[in-house]
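Data block below; observations after.
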Amino acid sequence: MAENIVKVNEVTRVTPLADPSSNKAAPFTLPLTYLDIYWFKVLPVERLFFYQVTDLTRDFFDSVILPKLKHSLSLTLLHYLPLAGNIMWPEGTQKPAVYFFPDNNDGVSVTVAESSSDSTDLFSLLSGNGIRKAVEFHPLVPNLSISDDKAEIIAVQITLFLKEGYSIGITSHHAVLDGKSSTLFVKSWAYLCKHLQQNPTCLPPELTPFLDRNVIKDPEGRDMVELNNWFDHKQSLKVLPFAVSVDLSKLVRATFKLSREDIKKLRDKVNEIVTASDGKKSRQLHLSSFVLTLAYVFVCMFKAKTGKAQGNRNALVGFTADYRTRLDPPVPDNYFGNCNGIHGAVTEASEVKQENGVAFAAEMISDLIKGIDANVADEGSDVKIAKIVEHAKQGAFMLSVAGSTRFDVYGSDFGWGRPRKVENGDRVNRQDRRRLFCGE
Numbered sequence: 001m002a003e004n005i006v007k008v009n010e011v012t013r014v015t016p017l018a019d020p021s022s023n024k025a026a027p028f029t030l031p032l033t034y035l036d037i038y039w040f041k042v043l044p045v046e047r048l049f050f051y052q053v054t055d056l057t058r059d060f061f062d063s064v065i066l067p068k069l070k071h072s073l074s075l076t077l078l079h080y081l082p083l084a085g086n087i088m089w090p091e092g093t094q095k096p097a098v099y100f101f102p103d104n105n106d107g108v109s110v111t112v113a114e115s116s117s118d119s120t121d122l123f124s125l126l127s128g129n130g131i132r133k134a135v136e137f138h139p140l141v142p143n144l145s146i147s148d149d150k151a152e153i154i155a156v157q158i159t160l161f162l163k164e165g166y167s168i169g170i171t172s173h174h175a176v177l178d179g180k181s182s183t184l185f186v187k188s189w190a191y192l193c194k195h196l197q198q199n200p201t202c203l204p205p206e207l208t209p210f211l212d213r214n215v216i217k218d219p220e221g222r223d224m225v226e227l228n229n230w231f232d233h234k235q236s237l238k239v240l241p242f243a244v245s246v247d248l249s250k251l252v253r254a255t256f257k258l259s260r261e262d263i264k265k266l267r268d269k270v271n272e273i274v275t276a277s278d279g280k281k282s283r284q285l286h287l288s289s290f291v292l293t294l295a296y297v298f299v300c301m302f303k304a305k306t307g308k309a310q311g312n313r314n315a316l317v318g319f320t321a322d323y324r325t326r327l328d329p330p331v332p333d334n335y336f337g338n339c340n341g342i343h344g345a346v347t348e349a350s351e352v353k354q355e356n357g358v359a360f361a362a363e364m365i366s367d368l369i370k371g372i373d374a375n376v377a378d379e380g381s382d383v384k385i386a387k388i389v390e391h392a393k394q395g396a397f398m399l400s401v402a403g404s405t406r407f408d409v410y411g412s413d414f415g416w417g418r419p420r421k422v423e424n425g426d427r428v429n430r431q432d433r434r435r436l437f438c439g440e
């Protein structure tokens, strides 16, 4: 059913807008740092924006919305040239890099589609908060073209839902940009689209990408260490496959909201439990909304997945931390590229399932947060991934969190209103993985 809900009308390539003075953008090369190569073989990341436009007609979409989206994307790519290029590894070069060649008609693949579902409630269903089948989202995000010798950076799909609105699906290669950088791009695109009538040529400073990779210091040559970890054998640019162990039709997505009052109750309860157990020696915990939410979801999902069974099963919780302000020296907030790393902790099932499991998890995650500054980029991908693989082989329960409320993904207004809903994920739940995504 999922494959039939979308009809593809057009697949085109949007190139950076030609400079009137030179007629074309100049060739461009962007090196990859060790923080980029860290993610080199990881599955592409997908993000799906739903925009509600009441009583949207095909004529308005074709004559107004679509042309503006395409033209503003072309403008935006002038500021984000790496996204119009490809990852390649030319013979004789030490490592892969991003190459943009205007003579090759380099640009971004844009798919234009429309919903062909008979259901008039499909848009509301997909952009809602209830439990939805993950396969229903798959036709709304484009595939990224990745071969042994060339890999696209991003691909875009714009889908019309008659009388309801439209969606923008973006698939991006994790070796070139992280969540913060991809959000910066979308917000820049939205800004230029919304202000097209003013003929904008420049982006405000906060939306202008900082492309100088020299700010990422690597005196120990970790880029080559990371590269060798990925390429023990054939130097293929293909990402690693993720084995599917379940029926994809059984995977679902859902959104749950915790109010300020919910967070306050959790914080008060955790403080009460910790104080009672530690007495006067109670230490100060980092009980942010993130820590409390992750602790609560971690315990709930673990109990739901494992039931009353105890055994010796371990539980792993992990998240990605931004390093922009943590590196020495710090890098600009608008740095374009990967500047983050994985942090996680493992505990025994009995600790999570105890009556005060949420308090225990909150303490554990609090310690992780406090330890980030002292452990920035302390381990390479080989060490961290090897640990994750080993726990997976032993049947450990794993929950990872992606995204951040600080990204402000709901601030991406292309001119017809803010998103009704933003869905994130790697392959939008095409794997049997437990992921928590921070949105608003």
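According to the UniProt record's numbering, the residues represented by the sequence shown are 1 to 440, in order. We treat Cβ as the ideally placed atom computed from N, Cα and C, and that holds for glycine.
- Linking residue 321 to residue 283 through their CA atoms gives a straight-line distance of about 23 Å.
- DSSP places residue 239 in the coil class of the three-state scheme, outside both helix and strand.
- One thing to note: residue 16 has its Cβ no nearer than 9 Å to the Cβ of residue 103.
- As computed with DSSP, residue 86 is found in a beta bridge with 99 and 152.
- Residue pairing from DSSP places residue 318 in a beta bridge opposite 344 and 400.
- Contact between the region 31 to 45 and the region 172 to 188 is present, with at least three C-beta pairs closer than 8 Å.
- Judged by DSSP secondary structure, residue 287 falls outside any alpha helix (DSSP H); it is assigned neither H nor E.
- Going by DSSP, residue 267 is part of the alpha helix (DSSP H) stretching over 260 to 278.
- Excluding residues up to 5 positions away in sequence, 50, 52 and 127 lie with their Cβ nearer than 6 Å to the Cβ of residue 420 in the same chain.
- CA-to-CA, the gap between residue 259 and residue 292 works out to about 12 Å.
- By the criterion of a C-beta distance shorter than 7 Å, residue 370 is surrounded in its chain by 286, once the five residues flanking it on both sides are discounted.
- Bounds of the alpha helix (DSSP H) holding residue 179 are 179 to 194.
- Your pair residue 403 and residue 38 does not check out as a contact, with CB atoms roughly 18 Å apart and the cut at 8 Å.
- Between the alpha carbons of residue 313 and residue 356 lies a gap of roughly 18 Å.
- In this structure residue 157 is in contact with residue 113, their Cβ atoms being roughly 6 Å apart against a cut-off of 8 Å.
- Judged by pairs of C-beta atoms under 8 Å, the region 212 to 219 touches the region 325 to 337, as three or more such pairs exist.
- Shown here, residue 61 sits in a helix according to DSSP, grouped into three states.
- DSSP, read as helix, strand or coil, puts residue 52 in strand.
- Beyond the five residues adjoining it in sequence on each side, residue 9 comes within less than 7 Å, by CB distance, of 112, 113 and 114 in the same chain, given in chain order.
- Below 8 Å, enough C-beta pairs join the region 179 to 188 and the region 199 to 211 to call them touching: three or more.
- Around the beta-carbon of residue 195, fewer than 16 other beta-carbon atoms lie within 10 Å, marking it exposed.
- Residue 224 and residue 199 have their C-alpha atoms some 44 Å from each other.
- When the five nearest sequence neighbours on each side are left out, the beta carbons in the same chain lying within less than 6 Å of the beta carbon of residue 131 are those of 252 and 254, in order along the chain.
- Judged by beta-carbon spacing, residue 414 lies within the 9 Å limit of residue 193, meaning their Cβ atoms are closer than that value.
- Nearest to residue 329 by C-alpha distance, out of 12, 235 and 376, is 376.
- Under a 10 Å Cβ-count criterion, residue 55 is classified as exposed, with fewer than 16 other Cβ atoms of the shown protein chains found around its own Cβ.
- Sixteen is the threshold: when 16 or more other Cβ atoms of the shown chains lie within 10 Å of the Cβ of residue 47, as they do, the residue is buried.
- Put simply, the backbone Cα of residue 162 is about 19 Å away from that of residue 110.
- If you ignore the 5 residues before and after residue 143, its C-beta comes within less than 8 Å of the C-beta of 155 and 171, all in its own chain and listed in chain order.
- Residue burial is scored here from C-beta neighbours: residue 84 has at least 16 other C-beta atoms within 10 angstroms and is therefore classed as buried.
- Here residue 135 is not near residue 169, since their CB atoms are 9 Å or more apart.
- Residue 7 is bridged by DSSP to 114.
- DSSP places residue 74 outside any beta strand (DSSP E); the residue lies instead in the alpha helix (DSSP H), whose first and last residues are 66 to 79.
- In this structure, residue 401 lies away from residue 302, with their beta-carbon atoms at least 9 Å apart.
- Judged by DSSP in its simplified three-state form, residue 323 adopts coil rather than helix or strand.
- Counting along the chain, residue 410 sits inside no alpha helix (DSSP H), nor does DSSP assign it H or E at all.
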